[in-house]
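Notes follow the structure.
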Amino acid sequence: MKNSVLRNQNLTPIIHPTHLLIQLIKQVTVNRIPQIILRIRQKKLQTPESDKSDAIIAIPSTSHGNMVTEPYSDGTSQVVYDRSPDIPSPNIIEMENDPPNVNHKVYADEVWNDPVGHHQVFEFDTQWGVSSEYAAALIGGTPLDFYSVFFDNQIIDEMVTQTNLYATQTITNSDDVSKHSRLHKWIPTHMSEMKIFIGILGYMGMVRMPSVRHYWSQKPMFHNIFVSSAMTRNRLELLLKFWHFTDNELCPEGDRLFKIEPFVNKLIEKFQAVYTPGETFCIDETLVPFRGRLIMKQYIPLKTHKYSIKIFNLCTANGYTWNMKLYGGKEAAPGSSVPTKMVTFLSDKLINAGRTIIMDDYYTSLELANILLDKKTHMIGTLRANRRGNPKEVTTKKLKVGEVYAKENDRGICILNWKDKRDVLLLTTKHGDETREVERRTGTIQKPVAVLEYNAGKSSIDLSDQMSSYNTSLRKTIKWYRKIALEILLGTAMVNAHFLYKEINDSTITITDFRESIIHDLIALEERNKENI
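With UniProt numbering applied, the sequence shown covers 1 to 533.
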């Protein structure tokens, strides 16, 4: 039939689907294109071009509203949803290139001079290191003894209590459960079983198989008795289904992180009780892979795991994670940017003591440098060229390989540009443009002292992340808050315990051997086999 409008027997017009699609495209084009063009023109007129190569794109879990790009005053931008007035707007996740807080006084006409070394000097005289109480109790202890400092009876009992409670709530509220469902086979768990459960999850991270069921396979290429003799597959899957950390009925309205944050905070208290950081520490983030529906989920195109949940970490110079904060999305209240808030939050108990914070360009800004100097704290960090207040003569300076160009303001904040394989832009509150000879395979080079100290501090958290990621038991189908629990219990806590073991026992044990010993003792296969003989 040639006509696009068909008629039935009652002469009622039926619009062809193709015409519906064309009308929809026309409507969107007419309504939205002029707004987008206007925003682009305003951005070009008001802001300089910015580097968006490392931006994080917000991924709200709702499908309501139109996706648009909102420019910032410093040339950066974020993707948000333009919602109609009758749709309540959720908290939007802040971009990695969010601008610094505009409330702090950073003037465009600030005077920058050649470095003269007028840096503020803060004395660090705080006692630091492993708590003497824990050190005395742990000397000569096993890897499990050290791990049990964090994975103690309080933590285990909390998981047992909340898991049993969640199982009861789920089964009671499930009216349509089949009489053949495995839910009817649930029996309350206990502390001994919870230890075995965590041990099996750790084992699955070390010994990878195609799926969970393969650990109980009778096929010769998969068969082993380590897991199958410790727990049945049905029981493990039931425990994994009900594994919980808080009482859902007590969740405050709008608290996105309630399912896991109170549990994580208890672990953080233990991390901080055992060890006190020294003069230098680093702030960075860990990304927990997650591809499901979640408003906190972030999309980072250049990362290995493009979709992930972000955890901000404070890590000591020797790789010990001392503090952390789960990122639940941008807060509605005005104020500092997320990077500035996270640095001040994580370091709150360590400032005003003459310490130095190492950070990357996500956090570094003149605003943050001034805030930390007011709190007797230095900072060293790589810097983005488009940050507000940067001296243009430094950020745009053309240099040859090995050259350094720096400027300093009246507070002793120095911004330097060093040409290595590419331009390295750095902000430091305790150095000038002084350099030091460094040996490379190609010969001796002059390297800024600030860059050397930055590299030394930043390597600590990179090493901690690397050791934690060697043996991950994260699974694709597990819920987001359980992934975070696995990341911290079998990653962060394990690496912290490994650090303490080497520090107190003067050992060179590898993280793999350390992890293997703990998992074996948690499952306690040999002891249970002896009891069954």
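For every residue, glycine included, the Cβ atom is placed at its ideal position computed from N, Cα and C.
Problem set entry | Span separating the alpha-carbon of Arg-482 from that of Phe-258 | One-based indexing of the sequence shown puts residue 482 at position 482. One-based indexing of the sequence shown puts residue 258 at position 258. Their backbone Cα atoms lie some 12 Å apart in a straight line.
Exercise. What is the DSSP secondary structure of Asn-224, reduced to helix, strand or coil?
Worked result: As a position in the sequence shown, residue 224 is number 224, starting the count at 1. Note: Asn-224 maps to coil in three-state DSSP.
Exercise. With burial defined as no fewer than 16 other Cβ atoms inside 10 Å of the residue's Cβ, what is the status of Ser-254: buried or exposed?
Worked result: Counted from its first residue, the sequence shown places residue 254 at position 254. As written in the sequence, residue 254 is Gly, which differs from the Ser given in the question. That one is exposed.
For this session: Determine the direct distance from the alpha carbon of His-305 to that of Ile-155, and round the result to whole angstroms.
Result: Numbered from 1 along the sequence shown, position 155 holds the residue referred to as residue 155. Numbered from 1 along the sequence shown, position 305 holds the residue referred to as residue 305. Cα to Cα, Ile-155 sits roughly 29 Å from His-305.
Problem set entry | Own chain, CB closer than 8 Å to Thr-163, minus 5 neighbours either side, in chain order | As a working note, residue 163 is residue 163 in the sequence shown. Hits under 8 Å: Thr-189, Met-194, Leu-239, Phe-242, Trp-243 and His-244.
Problem set entry | Beta bridge counterpart(s) of Val-130 as assigned by DSSP | Here residue 130 corresponds to residue number 130 of the sequence shown, with the count starting at 1. Paired residues: Tyr-275.
Problem set entry | Opposing strand residues paired with Val-438 [DSSP bridges] | Along the sequence shown, read from residue 1 onward, the residue named residue 438 stands at position 438. Its beta-bridge partners are Ile-445.
Exercise. Does the beta-carbon of Phe-514 have 16 or more other beta-carbons within 10 angstroms, so that it is buried, or is it exposed?
Worked result: For the purposes of this step, residue 514 is identified with residue 514 of the sequence shown, where counting begins at 1. Per the 10 Å Cβ criterion, buried.
Exercise. Does DSSP classify Glu-408 as helix, strand or coil?
Worked result: Taking the sequence shown and counting its residues from 1, one reaches residue 408 at position 408. It is a strand residue.
Problem set entry | Straight-line Cα distance separating Phe-281 from Leu-201 | Position 201 of the sequence shown, counted from the start, is the residue given in the question as residue 201. Position 281 of the sequence shown, counted from the start, is the residue given in the question as residue 281. About 31 Å.
Exercise. Using a Cβ-Cβ cut-off of 8 Å (strictly less than) and excluding sequence neighbours within five positions of Leu-522, which residues of its own chain qualify?
Worked result: Translated into the one-based positions of the sequence shown, residue 522 becomes position 522. Leu-144, Lys-195, Ile-196, Ile-198, Gly-199 and Gly-202.
For this session: Please classify Val-264: is it buried, with 16 or more other beta-carbons within 10 angstroms of its beta-carbon, or exposed?
Result: Start at 1 with the first residue of the sequence shown, and residue 264 comes out as number 264. It counts as buried.
For this session: State whether the region 382 to 397 contacts the region 428 to 443, with contact taken as three or more CB pairs (one from each stretch) at a distance under 8 Å.
Result: no
Problem set entry | Contacts around Ile-225, its chain only, beta-carbon distance under 7 Å, and the 5 residues preceding and following it disregarded | By 1-based counting over the sequence shown, the position of residue 225 is 225. Within the same chain, Ile-225 has no close Cβ partners at all.
Exercise. Helix, strand or coil: which one does DSSP assign to Phe-258?
Worked result: Numbered from 1 along the sequence shown, position 258 holds the residue referred to as residue 258. Coil at Phe-258, not helix or strand.
Problem set entry | Whole-angstrom distance between Met-324 and Cys-414, CA atom to CA atom | Position 414 of the sequence shown, counted from the start, is the residue given in the question as residue 414. Position 324 of the sequence shown, counted from the start, is the residue given in the question as residue 324. Each residue's Cα considered, the two are about 29 Å apart.
Exercise. First and last residue of the beta strand (DSSP E) that includes His-378?
Worked result: Counted from its first residue, the sequence shown places residue 378 at position 378. Segment 378 to 382, the beta strand (DSSP E) holding His-378.
Problem set entry | Cα-Cα separation between Leu-236 and Thr-276, rounded to whole angstroms | Against the sequence shown, residue 236 aligns to sequence position 236. Against the sequence shown, residue 276 aligns to sequence position 276. Cα to Cα, the separation comes out at about 38 Å.
Problem set entry | Range of the contiguous alpha helix (DSSP H) that encloses Lys-421 | Within the sequence shown, numbered from 1, the residue matching residue 421 stands at position 421. Lys-421 -> no alpha helix (DSSP H), and no H or E assigned at all.
Exercise. Would a check of beta-carbon distances place Thr-170 closer than 7 Å to chain C?
Worked result: Among the chains in the structure shown there is no chain C, since it carries only a single protein chain.
For this session: Compare the Cα-Cα distances from Leu-373 to each of Arg-388, Thr-382 and Thr-356 and report the closest residue.
Result: As a first step, residue 373 is located in the sequence shown; it is residue number 373 there, counting from the start. Looking at the Cα atoms, Thr-356 is the closest of the given residues.
Exercise. At which residues does the beta strand (DSSP E) containing Phe-514 begin and terminate?
Worked result: As a working note, residue 514 is residue 514 in the sequence shown. It is not in any beta strand (DSSP E) - Phe-514 instead sits in the alpha helix (DSSP H) that spans 511 to 523.
For this session: Express the C-alpha separation of Tyr-299 and Ile-371 in angstroms, rounding to a whole number.
Result: Along the sequence shown, one-based indexing puts residue 371 at 371. Along the sequence shown, one-based indexing puts residue 299 at 299. For Ile-371 and Tyr-299, the distance between alpha carbons rounds to 30 Å.
For this session: Please list, in chain order, all residues of the same chain as His-119 whose beta carbon is under 6 Å from its beta carbon, the five residues on each side excluded.
Result: Your numbering for residue 119 matches position 119 in the sequence shown. Gly-412 and Lys-430.
Problem set entry | One or two residues paired with Ile-415 in a DSSP bridge | Mapped onto the sequence shown, residue 415 falls at position 415. Partner(s): Lys-407 and Leu-427.
Exercise. Helix, strand or coil: how does DSSP classify Pro-289 here?
Worked result: By 1-based counting over the sequence shown, the position of residue 289 is 289. Strand at Pro-289.
Problem set entry | Residue interval of the beta strand (DSSP E) (run including Tyr-307) | For the purposes of this step, residue 307 is taken as the residue at position 307 of the sequence shown. 307 to 316 is the span of the beta strand (DSSP E), which, as asked, contains Tyr-307.
Exercise. Can you tell me where the alpha helix (DSSP H) with Leu-240 in it begins and where it stops?
Worked result: Position 240 of the sequence shown holds residue 240. Note, Leu-240: alpha helix (DSSP H), 233 to 242.
Exercise. Could you give the residue range of the beta strand (DSSP E) that holds Trp-186?
Worked result: Within the sequence shown, numbered from 1, the residue matching residue 186 stands at position 186. No beta strand (DSSP E) contains Trp-186, which DSSP labels as neither H nor E.
Exercise. What residues in its chain sit with their C-beta under 7 Å from that of Lys-479, if we drop five residues either side in the sequence?
Worked result: Within the sequence shown, residue 479 is the residue found at index 479, counting from 1. Nothing meets the Cβ criterion.
Exercise. Does the Cβ of Gln-446 lie closer than 6 Å to at least one heavy atom of the ligand ZN?
Worked result: This structure lacks the ligand ZN, and indeed carries no ligand of any kind.
Exercise. What number of angstroms, rounded off, separates the C-alpha of His-19 from the C-alpha of Leu-294?
Worked result: Here residue 19 is taken as the residue at index 19 of the sequence shown, counted from 1. Here residue 294 is taken as the residue at index 294 of the sequence shown, counted from 1. For His-19 and Leu-294, the distance between alpha carbons rounds to 35 Å.
For this session: Grab the span of the alpha helix (DSSP H) containing Trp-322 for me, first residue to last.
Result: What you label residue 322 is simply residue 322 of the sequence shown in a count that begins at 1. Not the alpha helix (DSSP H): Trp-322 falls in the beta strand (DSSP E), residues 321 to 326.
For this session: Reducing DSSP to helix, strand and coil, say where Asn-390 ends up.
Result: What you label residue 390 is simply residue 390 of the sequence shown in a count that begins at 1. Of the three classes helix, strand and coil, the one that applies to Asn-390 here is coil, per DSSP.
Exercise. Helix, strand or coil for Gln-120 per DSSP?
Worked result: In the sequence shown, the residue the question calls residue 120 occupies position 120. In the structure shown, Gln-120 sits in coil (DSSP, three-state: anything other than H, G, I, E or B).
For this session: Would you mind sorting Lys-458 into buried or exposed? The rule is 16 or more other CB atoms within 10 Å of its CB.
Result: For the purposes of this step, residue 458 is taken as the residue at position 458 of the sequence shown. Lys-458 should be labelled buried.
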